[in-house]
Amino acid sequence: MASNNDTQWVLVPGSVQDIAAVRERCRRLVRRRAVWSAGMAAVPIPGVDVVSDLRLFALLIEDVNQEFGLSAEQIARLQPQWRMLAYEAAVGAGGMLVGKIVTRDVVTALLRRSGGKLLARQAGKLVPIAGQLASAAIGFAVFRQLGYQHVEACAVVAQQLLAGRMAAAN
Numbered sequence: 001m002a003s004n005n006d007t008q009w010v011l012v013p014g015s016v017q018d019i020a021a022v023r024e025r026c027r028r029l030v031r032r033r034a035v036w037s038a039g040m041a042a043v044p045i046p047g048v049d050v051v052s053d054l055r056l057f058a059l060l061i062e063d064v065n066q067e068f069g070l071s072a073e074q075i076a077r078l079q080p081q082w083r084m085l086a087y088e089a090a091v092g093a094g095g096m097l098v099g100k101i102v103t104r105d106v107v108t109a110l111l112r113r114s115g116g117k118l119l120a121r122q123a124g125k126l127v128p129i130a131g132q133l134a135s136a137a138i139g140f141a142v143f144r145q146l147g148y149q150h151v152e153a154c155a156v157v158a159q160q161l162l163a164g165r166m167a168a169a170n
């Protein structure tokens with residue numbers, strides 16, 4: 001997990017192979033965090049999983065953005081033309097969290113999109129053991145799906161920035 005005091009310069013991946021490697025690393029990170037989410041969903045206390053999901057997902061978004069060189073701070077360091085291209089690519093890719101400072105409200109809005117699944121997950125907790133297992137499975141699936149969508153959006157933005165750099169070099 002990246003900290004706010006990190007002085008490490010992570011750049012946007014410079015080749016298609018680099019983008020693929022970062023994408024795969026981030027997908028592994030998503031799966032690990034989804035397992036944590038599923039574990040918290042199995043706790044029989046309603047609401048604990050939602051709070052943990054908010055925090056886990058906010059950290060995941062920050063970490064994925066950092067890995068792709070697309071955090072708010074990293075994009076702010078880009079030249080204006082590349083910064084504009086990064087934001088345009090993020091909008092075009094549907095990556096509303098690419099290059100953004102992630103707040104609890106933003107993550108809550110994103111999780112609301114998966115409202116039906118989250119409601120089923122909470123309702124499942126009312127049934128002992130089987131409900132907790134179902135809740136964990138739903139939690140894993142929702143978290144992984146949202147995480148994968150963000151990784152793909154970041155990969156698209158990185159590919160468009162790479163294409164823009166290649167075009168500018170020619």
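Quick note on this note's numbering: the sequence shown kicks off at 1 and runs consecutively.
Ideal placement from N, C-alpha and C gives every residue a C-beta, glycine not left out.
Beta carbon of residue 57 nearer than 8 Å to that of residue 140: No, the pair does not count as a contact, with Cβ atoms beyond the cut-off.
Given residue 67 as reference, the closest of 165, 164, 30 once Cα atoms are compared: The shortest Cα separation from residue 67 among 165, 164, 30 belongs to 30.
Residue 42 in three-state terms, based on DSSP: Reduced to three states, the DSSP call for residue 42 is coil.
Every unbroken beta strand (DSSP E) inside the stretch 135 to 166 [3 residues or more]: None, since the stretch 135 to 166 contains no complete beta strand (DSSP E) of that length.
Proximity below 8 Å, CB of residue 69 to CB of residue 13: With contacts defined by Cβ atoms closer than 8 Å, residue 69 and residue 13 form a contacting pair.
Member of 158, 152, 137 whose CA lies at the smallest distance from the CA of residue 43: Sorting 158, 152, 137 by C-alpha distance to the C-alpha of residue 43 places 137 at the top.
Three-state secondary structure assigned by DSSP to residue 51: Helix.
Burial state of residue 47 (16 or more Cβ within 10 Å): Around the C-beta of residue 47, fewer than 16 other C-beta atoms lie within 10 Å, and the residue is accordingly described as exposed.
Beta-carbon proximity check, residue 147 vs residue 55, cutoff 8 Å: No, they are not a contact pair.
Cβ-Cβ distance between residue 157 and residue 76 below 8 Å: Going by C-beta atoms, residue 157 is not nearer than 8 Å to residue 76.
Selection from 38, 60, 161, 62 that minimises the alpha carbon distance to residue 80: Taking the Cα of residue 80 as reference, the smallest distance to any Cα among 38, 60, 161, 62 is reached at 161.
Other residues of its chain near residue 83: CB distance less than 6 Å, five sequence neighbours each side excluded: These residues qualify, in order along the chain: 75.
Cβ-Cβ separation, residue 150 to residue 35 (assumed contact under 8 Å), whole Å: Going by Cβ atoms, the distance from residue 35 to residue 150 rounds to 17 Å, so no, they are not a contact pair.
Minimum C-alpha distance to residue 258 - residue among 39, 62, 167: What the structure shows of the chain is the stretch from 1 to 170, and residue 258 is not part of that stretch, so it cannot be assessed.
Three-state class that DSSP yields for residue 74 in the structure shown: In this structure, residue 74 counts as helix in the three-state DSSP scheme.
Beta carbon of residue 78 nearer than 8 Å to that of residue 72: Their beta carbons are not under 8 Å apart, which means residue 78 does not touch residue 72 by this criterion.
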